[in-house]
């Protein structure tokens with residue numbers, strides 16, 4: 086029997102709404118939800134635990150938010166962003182965090198390989214894109230990150246709160262000056278944008294994770310909560326709370 090999840094896609098939505106909706110789904114979502122989205126304008130998101138004073142890229146970003154999940158800063162441009170919200174008791178997320186990363190990333194790897202990219206879990210070998218002095222997520226890697234051609238191309242982080250999970254992920258289609266030389270779709274056998282790659286990703290998530298994805302939209306209550314919550318994400322007080 087397939088696991089039934091909601092599927093929400095929102096293309097070109099604001100940084101504040103993106104973060105607010107993910108929090109609303111974390112707090113109020115009544116069933117597992119996979120969300121795919123892009124950002125307009127592009128934005129820099131800081132990891133929950135990062136100190137804003139140590140992220141010099143803030144000065145160059147069109148917009149900045151602080152997200153609920155950990156990790157380094159990400160420039161959300163030329164990428165497909167995903168979020169998953171579900172109960173922590175869900176079989177995919179029950180227990181240690183490592184296996185959940187491996188399973189989600191396994192589906193992403195299959196989709197990337199379909200377009201000719203030699204994607205894999207990083208494993209124990211460091212990457213040429215690693216830079217310990219950088220504040221950016223894609224300049225740091227762990228064994229469960231997704232890489233190809235010696236560079237990191239997919240990163241993700243989780244927040245577990247009150248028995249629920251929020252899992253954020255970023256799949257890089259192209260690079261930006263803020264992130265430099267990272268793995269992208271540049272050498273793919275097929276040309277893709279974030280939106281055109283989305284159906285391939287969804288197909289592999291269905292097959293690899295045994296999901297039935299039911300297209301949906303945020304309810305009126307979720308949208309209103311997202312707008313209320315999202316308003317604080319780009320405030321100086323929120324961004325510089327650490």
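Numbering (our numbering), first residue to last: 86 to 327.
The beta carbon of each residue, even a glycine, is placed where N, CA and C say it ideally should be.
On a predicted model such as this, the values are computed, not experimentally measured, just so you know.
Quiz item: Counting Cβ pairs closer than 8 angstroms, one from the segment 104 to 124 and one from the segment 311 to 323, do we hit at least three?
Solution: In this structure the segment 104 to 124 lies against the segment 311 to 323, because at least three pairs of beta carbons, one per stretch, are closer than 8 angstroms.
Quiz item: Using the C-alpha atoms, what's the distance from residue 277 back to residue 213?
Solution: In this structure, the alpha-carbon of residue 213 lies about 24 angstroms from that of residue 277.
Quiz item: In three-state DSSP terms, what is residue 107?
Solution: It is helical.
Self-check item: residue 182 versus residue 222: straight-line alpha-carbon distance, rounded
Solution: Inter-residue distance for residue 182 and residue 222 is about 18 angstroms (C-alpha atoms, whole angstroms).
Practice problem: Tell me whether residue 133 sits in a helix, a strand or coil according to DSSP, three-state version. | Solution: Coil.
Quiz item: Which stretch, first to last residue, makes up the alpha helix (DSSP H) that contains residue 190?
Solution: Here the alpha helix (DSSP H) through residue 190 covers 182 to 199.
Self-check item: Nonlocal neighbours in the same chain, by C-beta distance under 6 angstroms from residue 151, ignoring five residues either side
Solution: The beta carbon of residue 151 is closer than 6 angstroms to those of 131, 323, 324 in its chain, skipping five residues each way along the sequence.
Exercise. Could you tell me how far apart the beta carbons of residue 43 and residue 177 are, in whole angstroms, since I believe they sit closer than 8 angstroms?
Key: In the structure displayed, the chain extends from 86 to 327; residue 43 sits before or after that span and is not available.
Quiz item: Near residue 209, what residues of its chain come up, given a Cβ to Cβ distance below 7 angstroms and the 5 sequence neighbours on each side ignored?
Solution: Correct list, in chain order: 228.
Practice problem: Take every Cβ of the segment 183 to 196, pair it with every Cβ of the segment 280 to 290, and state whether three or more of those distances are shorter than 8 angstroms. | Solution: Verdict: yes, contact present.
Quiz item: What is the DSSP secondary structure of residue 143, reduced to helix, strand or coil?
Solution: Residue state, collapsed to three classes: helix.
Exercise. State buried or exposed for residue 93, treating a residue as buried only when at least 16 other CB atoms are found within 10 Å of its CB.
Key: By the 16-neighbour rule on beta-carbons within 10 angstroms, residue 93 is buried.
Practice problem: Return the residue from the list 211, 219, 116 that minimises the CA-CA distance to residue 139. | Solution: Residue 139 has its Cα closest to that of 219, out of 211, 219, 116.
Quiz item: Going along the chain, which residues of its own chain have a beta-carbon closer than 7 angstroms to the beta-carbon of residue 109, five neighbours each way excluded?
Solution: Within the same chain, residue 109 has close Cβ partners 307, 310, 311, 314.
Quiz item: Helix, strand or coil for residue 138 per DSSP?
Solution: In this structure, residue 138 counts as helix in the three-state DSSP scheme.
Quiz item: When DSSP builds the beta bridges, which residues end up paired with residue 159?
Solution: Bridge partners of residue 159 according to DSSP: 130.
Quiz prompt | Pick from 279, 273, 305 that is closest to residue 201, judged by C-alpha positions | solution = Comparing Cα-Cα distances from residue 201 to each of 279, 273, 305, the minimum goes to 273.
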